[in-house]
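Add 12 to a position in the sequence shown, counting from 1, and you land on the number used in the working numbering.
One structure below.
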Amino acid sequence: MKKADKVWLEKTFDELASYGRAEKGITRLPYTKEAIAAEEYIIKVMKEQGLDVWRDGLGNIFGRRRGKNDVLSPVATGSHIDTVIEGGDYDGTVGVIGALEALRMLEGEELERSIDVIVFMAEELTSFGFANVASKLMVGGSFTKDFYARVENEETGFFAALKGVGYDPENYKSAVLAKDAYKAFIELHIEQGRVLYDAGEKLGVVECIAGASRYKVTVEGRPDHSGATPMGSRRDALVAASKLVLAIQQAGFDHADQGIVATVGMMEVFPGAVCVIPGKVVFSVDIRGVEEESLSSTRHQFAEAVREIAEIDGVNITVDVLTIEHPTPMAEGIVDMLAGEAAATGAPWRRMNSGAGHDAMYMAEIVPTGMLFVPCYEGISHNPEEKAEMDDIALGVEVLAKTLKKLANTH
């Protein structure tokens with residue numbers, strides 16, 4: 013098998029980064045002109061490699077290296093190239109460019125099964141308020157009413173974005189994959205954390221992807237004059253919300269040993285005037301973990317805090333569930349295969365969990381799935397400072413290529 017070409021990898025990362033590059037970071041929001049230009053670039057690279065290329069009803073890109081036996085279901089790999097606002101060069105793109113390099117490494121190798129590289133649309137949650145929109149829909153996923161309210165919005169929703177670039181939103185169900193569409197799926201990705209970086213390790217074989225429970229919390233008190241309302245007579249929504257934020261943080265600390273993290277990342281205060289006691293606050297809650305029991309316990313602690321603070325502060329607190337995503341274990345056979353190839357490199361590596369969500373967690377609903385991490389500098393991600401060493405990426409690509417070859421030749 014050929015070795016990974018670090019010169020080609022670096023050149024391709026640089027060229028892809030030019031699409032959406034601004035003064036600060038890269039912004040390629042899904043279905044925008046910057047994203048479309050980047051997608052066309054990837055399609056060009058796929059065609060230069062001789063892959064069969066097509067797109068489905070959601071715009072997901074597929075590039076197929078054909079094997080000897082079209083009757084056998086293919087093996088798949090891939091990731092995404094859309095970014096957060098002012099993101100970095102490597103989130104998602106490692107799994108796309110790395111997959112294409114893995115197929116180049118397999119040129120001249122006999123493969124029984126075909127191998128597909130998939131570029132998933134709308135992985136980041138920036139545009140539509142939900143992450144992994146396309147991969148959720150691809151596996152026939154179900155969604156909350158709030159999700160559909162957002163994706164069907166005539167001006168800003170996902171379906172509106174599809175229509176805006178020439179897709180018929182009514183046909184999105186045609187993109188749903190059959191349960192036997194693939195033999196296996198593997199996603200290569202930067203860790204987006206600092207476990208590997210701090211340990212000086214070069215590869216992480218993912219055993220489980222954390223489940224995420226996301227909520228919209230609305231605290232309603234009473235707006236009053238900030239100068240004329242005595243402290244004991246106030247129903248301050250922001251004070252109550254602040255207590256709840258601290259309670260959520262404490263719930264995360266209380267379950268940290270079980271891998272729980274809890275975050276409030278967005279907050280809006282109304283009416284937002286210096287001289288008015290806040291009457292309403294809306295904020296987000298994101299609780300993640302890899303064990304159902306600790307997730308359930310954390311959610312219960314959050315619910316108890318809501319009840320107690322609402323009663324003590326005399327406010328009304330409404331909690332809307334945005335998503336409840338369960339922890340997703342990777343397929344044991346693929347985990348073991350990746351672990352064997354990681355160990356064979358002689359580089360330091362580990363089995364680990366993923367705190368971040370990925371398209372792999374949805375592909376795992378219909379196909380045996382694995383995930384492989386390479387380290388990123390100081391764990392920085394979703395940030396212009398995001399960086400991964402080309403040596404580490406090349407090592408990950410080599411493990412990916414060898415694993416894909418084994419899967420493609422397994423009956």
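We treat Cβ as the ideally placed atom computed from N, Cα and C, and that holds for glycine.
Simplified DSSP state of residue i, which is helix, strand or coil
| i | result |
| --- | --- |
| residue 183 | helix |
| residue 52 | helix |
| residue 38 | strand |
| residue 319 | helix |
| residue 224 | strand |
| residue 208 | helix |
| residue 19 | helix |
| residue 347 | helix |
| residue 375 | helix |
| residue 288 | strand |
| residue 327 | coil |
| residue 173 | helix |
| residue 13 | coil |
| residue 192 | coil |
| residue 147 | helix |
| residue 43 | coil |
| residue 405 | helix |
| residue 393 | coil |
| residue 422 | coil |
| residue 352 | helix |
| residue 80 | coil |
| residue 312 | helix |
| residue 399 | coil |
| residue 137 | coil |
| residue 27 | helix |
| residue 410 | helix |
Buried versus exposed call for residue i [16 or more other C-beta atoms within 10 Å across all chains shown]
| i | result |
| --- | --- |
| residue 197 | buried |
| residue 68 | buried |
| residue 287 | exposed |
| residue 398 | buried |
| residue 117 | buried |
| residue 72 | buried |
| residue 365 | buried |
| residue 426 | Here the chain covers residues 13 to 423 and nothing more, so residue 426 does not appear. |
| residue 26 | exposed |
| residue 327 | buried |
| residue 258 | exposed |
| residue 34 | exposed |
| residue 186 | exposed |
| residue 509 | The chain is shown only over 13 to 423; residue 509 falls outside these bounds and no answer can be derived. |
| residue 242 | exposed |
| residue 145 | buried |
| residue 313 | buried |
| residue 37 | buried |
| residue 45 | exposed |
| residue 306 | buried |
| residue 92 | buried |
| residue 13 | exposed |
| residue 267 | buried |
| residue 385 | buried |
| residue 265 | exposed |
| residue 201 | buried |
| residue 285 | exposed |
Strand pairing of residue i, partner residues [DSSP]
| i | result |
| --- | --- |
| residue 142 | According to DSSP, residue 142 bridges with nothing at all. |
| residue 241 | DSSP, once it has assigned bridges, lists no residue as partnering residue 241. |
| residue 382 | 198 |
| residue 62 | Beta-bridge pairing links residue 62 to no other residue. |
| residue 332 | 228 |
| residue 340 | 221 |
| residue 364 | 218 |
| residue 296 | 228 |
| residue 33 | 38 |
| residue 74 | 66 and 130 |
| residue 301 | 223 |
Cβ-heavy atom distance, residue i to the ligand NAP, below 7 Å
| i | result |
| --- | --- |
| residue 287 | Here there are no bound small molecules, and the ligand NAP is not part of this structure. |
Chain D contact for residue i (CB, 8 Å cutoff)
| i | result |
| --- | --- |
| residue 286 | Among the chains in the structure shown there is no chain D, since it carries only a single protein chain. |
Checklist entry - What alpha helix (DSSP H) runs, 4 residues minimum, are completely inside the segment 83-130? => result 105-117
Checklist entry - Which parts of the segment 231-283 are runs of the beta strand (DSSP E), unbroken and 3 residues or longer, counting only runs that do not cross its ends? => result 273-275 and 279-282
Next on the checklist: Within 8 Å, do at least three Cβ pairs link the segment 350-368 to the segment 313-323?
Outcome noted: no
Next on the checklist: Using 8 Å as the cut-off, can you tell me whether the segment 185-205 makes contact with the segment 367-379, which would need three or more C-beta pairs spanning the two stretches below that distance?
Outcome noted: yes
Checklist entry - Can you find at least 3 beta carbon pairs, one from the segment 56-67 and one from the segment 84-99, that sit closer than 8 Å? => result no
Item to check | Validate contact between the segment 249-260 and the segment 331-342 using beta carbons, cut 8 Å, 3 pairs | outcome: no
Checklist entry - Three or more beta-carbon pairs under 8 Å between the segment 204-212 and the segment 288-299, yes or no? => result no
Checklist entry - Do three or more CB pairs link the segment 100-120 to the segment 339-346 at distances below 8 Å? => result no
Checklist entry - Are the segment 407-418 and the segment 229-238 in contact at 8 Å, needing three or more beta carbon pairs? => result no
Checklist entry - Can you find at least 3 beta carbon pairs, one from the segment 399-408 and one from the segment 367-375, that sit closer than 8 Å? => result no
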